[in-house]
Amino acid sequence: MRVMKAMGVCIKHILPLFISLVCFFSVPSCSPNQAALSGEEPVEPLVTGKETLLGEPFLRGRFSVLNPEMKVFTLSVSHNGANILFSSECRTISYLDDQGNLCWEITTEGLPICAALTEDGRFVGVGTDQGKVYFLSDAGHVLWETSFPGKIEHLIFNKRADEMVLSVSEEERDTLCCLNRWGSLLWEMETGPLRDLYPAAGKEICYLEENGSDGGIFKVVRGGELLWEKETQLAAVSIEGNFLALYDGDELQYYCLEMDGCPRLAWSFQPGSEQEISWLGLTAGGRYLLAYNAIAVRNNNLWAFGNDGMFLWERRIPSGALLDFSASGERIVATSWQEYSEDVSKIIILNNYGHILQEIEMANRIENNALSGDGNILVLAGGDGNIFILETFAQGDPIKYNGFTEEGEQAKTIYQPVAFEKQAGKTFLTLFFFGEGGLNFIPINRSVKVSPQAPQAAINELIKGPRSYSGLSRTIPKDVQIGVMEKDGLAYVDLPASLNKLGGTSQVGGLLDSLVMTLSQFSSVQGIQFLLEGEKATVFSAEGFMIDQVFPPSRPGKNHLLYLPYRCGDR
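Numbering (this note's numbering) for the sequence shown: 79 to 649.
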């Protein structure tokens, strides 16, 4: 009787655990073709005026172009969000209101590859690949136009919007030109090829000039005369132009622009090997400095600093994200379609403390984004020719933390029903992705078409990344090409040179480990040999990982492991 009671207690405690484990391991195994069986809802397109879910922005308006395959070159929004400008491959400049209504549209001579909107939305500047420059009013009237011998690659207004600066690129000559509001040339100077152009304080103009494959030279000029220069890789200038930040690959530097136009170093910081930086942003008054690593797949990759050099916070956001921020830095937007296997874009809106205010996924490849200076209007340009206009977070609404609101209300469903059906001509592959925080690998099953090249198919699926709503993150940057060839029991994995630039021990180690574990599911693979651009190599990445030896397969199920419970965030 005592034994029976003990067994009853064990069953009482084990049964819920067993059910939870079945749910845990079954969620990732649902493929898109099994959506009807698993109960998983697809990512719905946004509908104007539709009631939004908790934490999602409200779709204020939408504009659709006639050619859904067109490319949007530039996307701008005025400070208050009332005026929206975009230029496209259709050779048109389009001006919208904040409801998505077309106010006017003009056709340009050549492709309008660069365009700028003044902060108040009253004036528009446009430059084309055939050297045409247009200056327009907010009513769509061309106030003047002029031509240059070359391609207009960059165009900006100064803070007072009474001068326009543009870079002209010819075959063997690059020129920086400054025009006043009436189109008269104020000055010009020869430069090298430009990466970017920034307005500075007063009459100063800053630009980042090409200097080799990765390097650049940041220069400050006034009236066509060089005032200051420094070698660097990345640069950011505050909105009013009084502060700037530079990153030379080793050190992050913060400067104040003095009255004579020469920057004064205020502080510097040396990031660790896990903090390689590929983008910089500086808010108004230089209050916040944002640094981002676009190819990090595991660790935190967005960092914030104060104007005194104090490190404020860090957070992981999607790889390959487009970033923008409000003038004050109280709203930060990250948009990326490279996080999942489908063309699903993830949009995250943060506040200046690094807290997630809004998080939404759209069944669309968002290729451009622009946030109004006041942070209230977000404009997105999709790859299908749609321009979305969203109202962002309203004060007083609940804030989401890791899928829950402050009131403890769960934001989305975690567990899905189990589906056991297997379609004809399909097989299951085991893939390994990072769990929440990138601390552990989580194995998932994915249904794919049967292929004679199963190892290559598995690596292709690994590169595609996890499904949306899975809570997992990718181990390999999206759209890279990794070849796999099997011979005499060895799987030869050919890594591209682009991956050799990755930094961070956990990031590079995670990439290699996920490849090894994914290939280890095939019994024919008795070892894994890594190649670099088709050749054997001793060292891989900046972290110096040794890849000259054959890696043994890693098969966690060889000891008849039944269940391995692991908590991943809310799952």
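A virtual CB, placed ideally from N, CA and C, is assigned to each residue, including glycine.
Practice prompt. Using alpha carbons as the reference points, say which of L263, I191, S346 lies closest to Y332.
Written response: Position 254 of the sequence shown holds residue 332. Y332 has its Cα closest to that of S346, out of L263, I191, S346.
Fill in: N-terminal and C-terminal residue of the alpha helix (DSSP H) that S592 is part of
Reading the sequence shown from its first residue, position 514 is the one you call residue 592. Here the alpha helix (DSSP H) through S592 covers 583-597.
Discussion item. Restricting to Cα atoms, I'd like to know which of G622, G543, N371 is closest to D421.
Written reply: Taking the sequence shown and counting its residues from 1, the one referred to as residue 421 is at position 343. Taking the Cα of D421 as reference, the smallest distance to any Cα among G622, G543, N371 is reached at G543.
Item to complete: Within 10 angstroms of the Cβ of K565, are there 16 or more other Cβ atoms? Answer buried if so, exposed if not.
Response: Counting from one through the sequence shown, the residue named residue 565 turns up at place 487. By the 16-neighbour rule on beta-carbons within 10 angstroms, K565 is exposed.
Item to complete: Give a yes or no on contact between the segment 355-375 and the segment 390-408, applying the rule of three or more CB pairs nearer than 8 Å.
Response: The segment 355-375 is in contact with the segment 390-408.
Worksheet item: Roughly how many whole angstroms lie between the Cα atoms of L305 and R238?
Response: Along the sequence shown, read from residue 1 onward, the residue named residue 305 stands at position 227. Along the sequence shown, read from residue 1 onward, the residue named residue 238 stands at position 160. Computed Cα separation, rounded: 21 Å.
Discussion item. The beta strand (DSSP E) that contains A532, what's its start and end?
Written reply: One-based indexing of the sequence shown puts residue 532 at position 454. Here A532 belongs to no beta strand (DSSP E); instead the alpha helix (DSSP H) covers 532-542.
Worksheet item: Pick from G228, K229, L214: whose alpha carbon is nearest that of W222?
Response: By one-based count along the sequence shown, residue 222 stands at place 144. Closest option to W222, Cα to Cα, is L214.
Worksheet item: If you compare alpha carbons, which of G270, A160, V143 is closest to T170?
Response: Within the sequence shown, the letter at position 92 stands for residue 170. In this structure, V143 is the residue among G270, A160, V143 with its C-alpha nearest to the C-alpha of T170.
Fill in: Selected residue, minimal CA-CA separation from E439, among E241, H219, Y418
The residue labelled residue 439 in the question sits at position 361 within the sequence shown. Taking the Cα of E439 as reference, the smallest distance to any Cα among E241, H219, Y418 is reached at Y418.
Worksheet item: Exposed or buried, what is W260 when buried is set at 16 or more other beta-carbons lying within 10 Å of its beta-carbon?
Response: Counted from its first residue, the sequence shown places residue 260 at position 182. With a threshold of 16 other beta carbon atoms within 10 Å, W260 falls short and is exposed.
Worksheet entry | Close Cβ partners of S619 (< 8 Å) along its chain, the five nearest in sequence each way excluded | As a working mapping, residue 619 is identified with position 541 in the sequence shown. Excluding residues within five positions, the ones whose Cβ falls inside 8 Å are L577, N578, K579, L580, G581, V586.
Worksheet entry | Inter-residue Cα distance where the pair is E514 and I520 | Here residue 514 refers to the residue found at position 436 of the sequence shown. Here residue 520 refers to the residue found at position 442 of the sequence shown. The straight-line gap from Cα to Cα measures roughly 9 Å.
Practice prompt. With a 10 Å radius around its C-beta and 16 neighbouring C-beta atoms as the bar for buried, classify S450 as buried or exposed.
Written response: Counting from one through the sequence shown, the residue named residue 450 turns up at place 372. Counting other Cβ atoms within 10 Å of its Cβ, S450 reaches 16 or more and is therefore classed as buried.
Practice prompt. Kindly list the residues whose CB is nearer than 6 Å to the CB of T596, restricted to its own chain and excluding five residues on each side of it in sequence; keep chain order.
Written response: For the purposes of this step, residue 596 is taken as residue 518 along the sequence shown, with counting starting at 1. These residues qualify, in order along the chain: L509, F510, A536, L540.
Discussion item. Please list the terminal residues of the continuous beta strand (DSSP E) segment that includes H433.
Written reply: Taking the sequence shown and counting its residues from 1, one reaches residue 433 at position 355. Counting along the chain, H433 falls outside any beta strand (DSSP E), and DSSP gives it neither H nor E.
Fill in: Pick from I283, I295, L360, G384 that is closest to G339, judged by C-alpha positions
Position 261 of the sequence shown, counting from 1, holds the residue named residue 339. The residue with the shortest Cα to Cα distance from G339 is I283.
Fill in: Alpha carbon of L137 to alpha carbon of G460, nearest angstrom
Position 59 of the sequence shown, counted from the start, is the residue given in the question as residue 137. Position 382 of the sequence shown, counted from the start, is the residue given in the question as residue 460. C-alpha separation (whole angstroms): 14 Å.
Worksheet item: Should T470 be labelled buried (16 or more other beta-carbon atoms within 10 Å of its own) or exposed?
Response: Here residue 470 refers to the residue found at position 392 when the sequence shown is read from its first residue. By the neighbour-count rule (16 or more Cβ atoms within 10 Å), T470 is buried.
Worksheet item: Taking Y366 as the reference, which of N378, G159, I410 has the closest Cα?
Response: One-based indexing of the sequence shown puts residue 366 at position 288. Checked all of N378, G159, I410; the closest Cα to Y366 is I410.
Item to complete: Run the CB neighbour count on D252, radius 10 Å, all protein chains shown included, and call it buried at 16 or more, exposed below.
Response: Taking the sequence shown and counting its residues from 1, the one referred to as residue 252 is at position 174. That one is buried.
Worksheet item: Do I230 and A194 have their C-beta atoms within less than 7 Å of each other?
Response: The sequence position of residue 230 within the sequence shown is 152, counting from 1. The sequence position of residue 194 within the sequence shown is 116, counting from 1. No, they are not a contact pair.
Practice prompt. Express the C-alpha separation of F608 and F141 in angstroms, rounding to a whole number.
Written response: Taking the first residue of the sequence shown as 1, we reach residue 141 at position 63. Taking the first residue of the sequence shown as 1, we reach residue 608 at position 530. Taking the straight line joining both Cα atoms gives about 48 Å.
Fill in: Alpha-carbon to alpha-carbon, G549 and K490
Locating residue 490 in the sequence shown gives position 412, counting from the first residue. Locating residue 549 in the sequence shown gives position 471, counting from the first residue. A caution first: K490 carries a pLDDT of 41, below 50, which makes its placement in the model too unreliable to give a value.
Worksheet item: With C-beta atoms as the reference, is L244 less than 7 Å away from C255?
Response: Position 166 of the sequence shown, counting from 1, holds the residue named residue 244. Position 177 of the sequence shown, counting from 1, holds the residue named residue 255. Their beta carbons are under 7 Å apart, which means L244 touches C255 by this criterion.
Item to complete: State the DSSP-derived secondary structure class of L577, mapped to helix, strand or coil.
Response: As a first step, residue 577 is located in the sequence shown; it is residue number 499 there, counting from the start. For L577, the three-state secondary structure derived from DSSP is helix.
Worksheet item: Is G561 helix, strand or coil by DSSP?
Response: Locating residue 561 in the sequence shown gives position 483, where the first residue counts as 1. In the three-state reduction of the DSSP assignment, G561 falls in the strand class.
Item to complete: Determine the DSSP secondary structure at E514, reduced to helix, strand or coil.
Response: Locating residue 514 in the sequence shown gives position 436, where the first residue counts as 1. It is helical.
Worksheet item: What's the gap between the Cα of N442 and the Cα of S423?
Response: Reading the sequence shown from its first residue, position 364 is the one you call residue 442. Reading the sequence shown from its first residue, position 345 is the one you call residue 423. Just so you know, the alpha carbons of N442 and S423 end up roughly 6 Å apart.
Discussion item. So if DSSP puts N236 in a beta bridge, which residue, or which two residues, is it bridged to?
Written reply: Your numbering for residue 236 matches position 158 in the sequence shown. Beta-bridge pairing links N236 to no other residue.
Practice prompt. Note down the Cα distance separating E303 from L174, rounded to an integer number of angstroms.
Written response: Working through the sequence shown from its first residue, we reach residue 303 at position 225. Working through the sequence shown from its first residue, we reach residue 174 at position 96. For E303 and L174, the gap between their C-alpha atoms comes out near 38 Å.
Fill in: Complete runs of the beta strand (DSSP E) confined to the segment 131-216 [at least 3 residues]
Listed in chain order, the complete beta strand (DSSP E) runs (minimum 3 residues) inside the segment 131-216 are 136-142, 150-155, 161-166, 170-175, 180-185, 192-195, 201-205, 210-215.
Worksheet item: For A323, which residues of its own chain have a beta-carbon under 6 Å away from its beta-carbon, when the five flanking residues on both sides are left out?
Response: As a working mapping, residue 323 is identified with position 245 in the sequence shown. If you ignore the 5 residues before and after A323, its C-beta comes within less than 6 Å of the C-beta of A314, Y332, L358, L360, L367, all in its own chain and listed in chain order.
Worksheet item: Leaving out five residues before and five after R300 in sequence, what residues of the same chain have Cβ atoms less than 6 Å from its Cβ?
Response: One-based indexing of the sequence shown puts residue 300 at position 222. Answer for R300: K281, E282, G339, listed in chain order.
Worksheet item: From S166 to N464, what does the alpha carbon distance come to, in whole angstroms?
Response: Taking the sequence shown and counting its residues from 1, the one referred to as residue 166 is at position 88. Taking the sequence shown and counting its residues from 1, the one referred to as residue 464 is at position 386. When rounded, the distance between both Cα atoms is 12 Å.
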